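Below is one structure, written out as structure tokens; comments come after it.
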Amino acid sequence: MTLVEEPTTADAVPEKEIGKARRRKEDARLITGRTTWTDNMVLPGMLHMAFVRSPVAHGKITQIDVSAAQQAPGVIAVFTGRDVADEQGSLPCAWPVTPDMVNPGHPSIAVDEVNHVGEAVAVIVARSKVAAQDAVELVDVDYDVLPVVLDMEEAVKADAHLCHDHTSSNTSYHFVFDAGDAGTGADTEQAFADAEVVVSRRFVQQRLIPAFMEPRSVVVQPQGDNYTLWSSTQIPHILRVMLAMVTGVPEHKLRVIAPDVGGGFGGKITPTPEEVVTLLVARRLGKPIKWTETRSESLMTAHHGRDQIQYIDVAADREGNVKGLRVRLLADMGAYLRLITPGIPALGAFMFPGIYKFPAYRFECDGVFTNKVPTDAYRGAGRPEATFAIERIMDELADELGMDPLEVRKKNWINAEEFPFTTVAGLQYDSGDYEKATQDALDLLGYDELRAEQKRRRESNDPLQLGIGFSTFTEMCGLAPSRVLGSLSFGAGGWESASIRMLPTGKVEVVTGSTPHGQGHETAWSQLVADHLGVPFEDVEVLHGDTAISSKGLDTYGSRSLVVGGTAVVKAAEKVVAKARRIAAHLLEASEDDLEFSGGKFSVRGTPGTGLGIQEIALAIFAAHDYPEGIEPSIDAEATFDPENFSFPHGTHLCAMEVDTETGFVKIRKYACVDDVGTIVNPLIVEGQVHGGLAQGIAQALYEEAVYDADGNLTTGTFVDYLVPAASDLPHFDTGNTVHTAPSNPIGAKGVGEAGCIASTPAVVNAAIDAVRHLGVSDIRMPLTPERVWRAIHEGGDGGDRASARTNAQAADSSDAPSTAGGLQ
Amino acid sequence: MIPAPFAYARPSTIDEALQAVASGGEDVKILAGGQSLIPVMRLRLAAPETVVDLTRVAELRGVREEGDAIVVGAMTTHSDVLSDPLIARYAPLIAEATETVADRQVRHRGTFGGALAHADPAGDLPAVALALDAEFVVAGLEGRRTVPAADFFVDYLTTALQEGELLVEIRIPKREGWGMHYEKFNRVAQAWSIVAVAAAVRMEGGRIAEARIGLTNMGPTPLRASAVEEALTGAEATGEAIAAAAEHAADGTTPSSDLNAQADYRQHLAQVLTRRAVTAAAGL
Chain A
281 MTLVEEPTTA DAVPEKEIGK ARRRKEDARL ITGRTTWTDN MVLPGMLHMA FVRSPVAHGK
341 ITQIDVSAAQ QAPGVIAVFT GRDVADEQGS LPCAWPVTPD MVNPGHPSIA VDEVNHVGEA
401 VAVIVARSKV AAQDAVELVD VDYDVLPVVL DMEEAVKADA HLCHDHTSSN TSYHFVFDAG
461 DAGTGADTEQ AFADAEVVVS RRFVQQRLIP AFMEPRSVVV QPQGDNYTLW SSTQIPHILR
521 VMLAMVTGVP EHKLRVIAPD VGGGFGGKIT PTPEEVVTLL VARRLGKPIK WTETRSESLM
581 TAHHGRDQIQ YIDVAADREG NVKGLRVRLL ADMGAYLRLI TPGIPALGAF MFPGIYKFPA
641 YRFECDGVFT NKVPTDAYRG AGRPEATFAI ERIMDELADE LGMDPLEVRK KNWINAEEFP
701 FTTVAGLQYD SGDYEKATQD ALDLLGYDEL RAEQKRRRES NDPLQLGIGF STFTEMCGLA
761 PSRVLGSLSF GAGGWESASI RMLPTGKVEV VTGSTPHGQG HETAWSQLVA DHLGVPFEDV
821 EVLHGDTAIS SKGLDTYGSR SLVVGGTAVV KAAEKVVAKA RRIAAHLLEA SEDDLEFSGG
881 KFSVRGTPGT GLGIQEIALA IFAAHDYPEG IEPSIDAEAT FDPENFSFPH GTHLCAMEVD
941 TETGFVKIRK YACVDDVGTI VNPLIVEGQV HGGLAQGIAQ ALYEEAVYDA DGNLTTGTFV
1001 DYLVPAASDL PHFDTGNTVH TAPSNPIGAK GVGEAGCIAS TPAVVNAAID AVRHLGVSDI
1061 RMPLTPERVW RAIHEGGDGG DRASARTNAQ AADSSDAPST AGGLQ
Chain B
597 MIPAPFAYAR PSTIDEALQA VASGGEDVKI LAGGQSLIPV MRLRLAAPET VVDLTRVAEL
657 RGVREEGDAI VVGAMTTHSD VLSDPLIARY APLIAEATET VADRQVRHRG TFGGALAHAD
717 PAGDLPAVAL ALDAEFVVAG LEGRRTVPAA DFFVDYLTTA LQEGELLVEI RIPKREGWGM
777 HYEKFNRVAQ AWSIVAVAAA VRMEGGRIAE ARIGLTNMGP TPLRASAVEE ALTGAEATGE
837 AIAAAAEHAA DGTTPSSDLN AQADYRQHLA QVLTRRAVTA AAGL
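Chains A and B are the protein sequences, given in the same order. Numbering-wise (the working numbering), the first sequence opens with residue 281 and increments by one. Numbering-wise (the working numbering), the second sequence opens with residue 597 and increments by one.
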């Protein structure tokens, strides 16, 4: 008898890491705060900045008096926009979606004119954060107030007031995708002319605030003519290039570090005015400088997301076969163009057809300037907006035809055997099975039982009504094939880089260009490398976020990290193995062709027990006493991966919603979803991403909305008014997966970072409407506040504007012109 | 954000506190649990010259019995209220409403007296105090006076407390055996009430002998729904009778319009929530 289980073979292969629900190795330090967030940085002689911000949404700066602030205790310097006008350049926009797109320019500190409340007009530099903040109130700024442009439908009218007086209109660009012209579909106008049924709707995608947990923070340390910049950013690599171009600090003299970053959701994807100013001030003063925002500052001045008015028409025959899709968008740019502001709705252009086989499609979008904080990426970036519109109107089409919403979907979706499928928007969807995901989701939800309950409640005229909403979605992930980005005029590629360093003790350093901000890259990358190199998970360390360590990269957004960045890691690991194979053959005195590599060991085929571990090879090649002639003494490797196609996660999300018809209160009874995100490297991380995404998607449907008043002040300027739900406000989630691997990458992963956020919003709204459609409700404006739901039930319409909001996408026929200067301080 | 500079006093008795308030200068703020004051100071919406912190004044804490009333010290925290046996027995409405106040962290710092003295119309406890006919014991340098709840709440964020005065305790008549319920309506768990209704009823046989109804956030101060109370007094405890009485819930109210609700919707909610609160309090 022995207490130790004998291995079945001498060369047992260790358990696969890929697919294991590893707890995230980075979490202990992240959630206990035992790490260095940017605001934790303390440098000798460091000075602190605070911004003086405009209380006026639109106006000319006639005078700034900084003398009192300059005299305040602890204040070192005060700079206005005029003081830095010659060196601050314009914040970059990397996505000119049309050749004639109007970019009004974006100073980091306003020089002559302010265009949104919260825009920086001066910066205080002081010995302490408190001294800087105290001096803010001593700066006296005079404004000549100009008319405020807030409502997009008003802003695009011919006689509208201008947001920027040096432009000829408030329209930045007019972007068109026409499937007929592109050769990917039939003539759209003809399809509508011939249609038996046309359903048209106007949907409002409200403005959202990314609301990341860690506020933005920047520290710059000058050392001679070199600068190190720490920032709570998603994009250290892109930021370095952009700051070099904007400020003239040469790229090789600038090191950018994103230490551990507490969330971003797209909200940290753009070079910010504050990053530019911190660098400029550090250069001026030759001192380390820190700036950290307050939460109010963050909500008011960090970029927002969504904010579209969608006019969508669908053509179909009486049997429910779709014939054409027409989309016209007004997309709010806010006051300026940030890094990819104009590209967000353009990216969405390709997703409006969803999973359906539309024969014809035309998309038009106007990017519109308003006197609000700029918009840019927010989790999903263009795809949630598109998914919402298509999934909502499929329900409306079903209602028009008197059909079951699921039946209309089934009739039109791409069948499993049709993949790969080229859509009317020209994308080649890779793999999936919509039918299977839907059936699994129906089972998870307990669909039939809930439908029966819904029927009972309707028949008894119960004050509490029940509805079920569908969202059968897909999205494009794995951003992005560089050539496709080029064809869309995007200012960069979509590749990703990785390198692997084999250390003498056998430990492994993985350097990734895909900089995490909370996603769990360190864990997932360790799992990938553990399997591909056959080393223990614990022996892998993942390095990231510092341009001096990870010199090449395009960072994290668009559910790209695993698909593109993870693949680069796998490719680098393959190179390490290939290099190690030559050394192993040499040391084992065998031919390379006779070696097999398994479980981290090279062995001679057919000769058990002859193995040489890759970690041993790392030590041997470090010593370099004995290695083949003609090769370098290193098994380190680097790889850059550029995908050939996007990946297309899909899934079916189902929401069962209770609506209290007496009060309008909505409560999610049950939420079930089945997502196909391709190969799952770590089920725990996938589950976490789905949960977080659902929370944000449900929040758009039910809770969150950035509301401006008639003067352009952000009314929802604190978390008291901008409602971010907590765990207590969300239901239990029943989640499941199907797995159809992505052919575009060797891992087979499709991306999961945005799926929950993209899919859930229409499921939730469809569910609420399903509950009260028999009471005459066909739309309710997001978020579904109890008041809006109640008004939609009892007064008709979509629930309308919220009290005190006079400017967020009023109905098209609204006669309230945006008010002007009245009441500004 | 960072508050503007201020002087700070931390007395350990009521007398010391009154002295500190008297000598604190023009603009003195009293810090109880700080759950409302600290945020407005951080936003620099308030910039007091002096903050007098009551957290060390032990005599302001705790609940005791005094004849036909229970007496709650102004600095008793929400979480102490929740676990207090006297409140559970004689005024369970207070515990029920307190449980809906924000989250656990806030309830560990926030105080009963602080919430009442702040007099936020969206706060839950003022309407409860009003419904239960609480009396407010106020101390000043010249001595103490008692203010009935009906006179304590004067206007938006304004009470009968005069300059230099402190709210020291709240006396609540014992109502053993009454049915009570607090019906709160808000969008997320941690949010303030959009509207809420505090109901207490005394049943006799199948009838409602007495009713006390307090309304949260239906005007600049908490309100008594007197018309509902009158209609309920002596009424049969049936769904129909309660619903008919509840239709008067918004009579004479002037609620505000804000992001969460316009005035007419608040008035509608008051009726629905009153019906539900009374129904639950009556045990139907």
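Note that beta-carbon positions come from the ideal geometry of N, C-alpha and C, so glycine has one too. Quick caveat: nothing in here was measured; it's all calculated off a predicted structure.
Within chain B, the C-beta atoms nearer than 8 Å to that of E942(A) come from V868, in chain order.
Membership of N383(A) in any alpha helix (DSSP H) is not indicated, and neither H nor E is assigned to it by DSSP. Taking a Cβ-Cβ cut-off of 7 Å, A841(B) has no neighbours in chain A, whose nearest Cβ is about 16 Å from it. The distance from the Cβ of R767(B) to that of A665(B) is about 5 Å, consistent with a contact at the 8 Å cut-off. Contacts with chain A (Cβ-Cβ distance below 8 Å) from the stretch 782-809 of chain B involve R783, V784, A785, Q786, A787, W788, I790, listed in chain order.
Assignment of beta-bridge partners to S878(A) by DSSP yields K881(A). Interface criterion not met: the Cβ of L811(B) is under 8 Å from no Cβ in chain A. Using a CB distance cut-off of 8 Å, A642(B) does not count as an interface residue toward chain A. The beta-carbon separation of I518(A) and L974(A), rounded to 29 Å, does not stay under the 8 Å limit for a contact. Contact fails between the stretch 497-506 of chain A and the stretch 1063-1079 of chain A, because fewer than three Cβ pairs, one in each stretch, are under 8 Å apart.
Neighbourhood of Y983(A) in chain B, by CB distance below 9 Å: R783, V784, in chain order.
P744(B) is bridged by DSSP to E731(B). Look at the beta carbons and you see the stretch 1006-1025 of chain A touching the stretch 963-974 of chain A: at least three pairs across the two are nearer than 8 Å. At a Cβ-Cβ threshold of 8 Å, G786(A) and A898(A) count as neighbours. Check the Cα spacing between V624(B) and each of A605(B), T646(B), L614(B), R606(B): the tightest is with T646(B). As for any alpha helix (DSSP H) of minimum length 4 sitting wholly inside the stretch 672-737 of chain A, the runs are 685-692, 714-725, ordered along the chain. In chain order, Q501, P568 place their CB closer than 6 Å to the CB of L323(A), counting only its own chain and leaving out the 5 sequence neighbours on each side. Beta-bridge partners of P769(B) (DSSP): A665(B). Its chain contains A727, A796 as the residues whose beta carbon lies nearer than 6 Å to that of R808(B), once the 5 sequence neighbours on both sides are disregarded; these appear in chain order. DSSP, reduced to helix, strand and coil, places V1045(A) within a helical segment of the structure shown. Leaving aside the five residues that flank A952(A) on each side, the residues in its chain whose CB is nearer than 7 Å to its CB run, in chain order, A721, L724, L725, L934, D1014.
Under the 8 Å criterion on CB atoms, P1005(A) is classed as interfacial with respect to chain B. Taking 8 Å as the cut-off, the beta carbon of W571(A) is found no closer than this to the beta carbon of M756(A). For the pair G546(A) and D656(A), the CB atoms are nearer than the 8 Å cut-off. Following the DSSP letters along the chain, one finds H532(A) in no beta strand (DSSP E), marked with neither H nor E. In this chain, the beta strand (DSSP E) harbouring K780(B) covers 775-781. The beta carbon of T574(A) falls within 8 Å of a beta carbon belonging to chain B, placing the residue at that interface. In the three-state scheme derived from DSSP, where H, G and I count as helix and E and B as strand, E644(A) is classed as strand.
Membership of I549(A) in any beta strand (DSSP E) is not indicated, and neither H nor E is assigned to it by DSSP.
Boundaries of the alpha helix (DSSP H) harbouring E434(A): 432-435, taken from the DSSP string. Neighbourhood of D461(A) in chain B, by CB distance below 9 Å: empty, with the nearest CB roughly 44 Å away. With a cutoff of 8 Å on beta-carbon distance, G879(A) and P294(A) are scored as near each other. Put simply, of K950(A), D431(A), T312(A) the residue whose alpha carbon is nearest the alpha carbon of P1011(A) is K950(A). A distance of 8 Å or more separates the beta carbons of S1040(A) and I1049(A). In the structure shown, the three-state DSSP call for G845(A) is helix. Closer than 8 Å to the CB of M597(B) there is at least one CB belonging to chain A.
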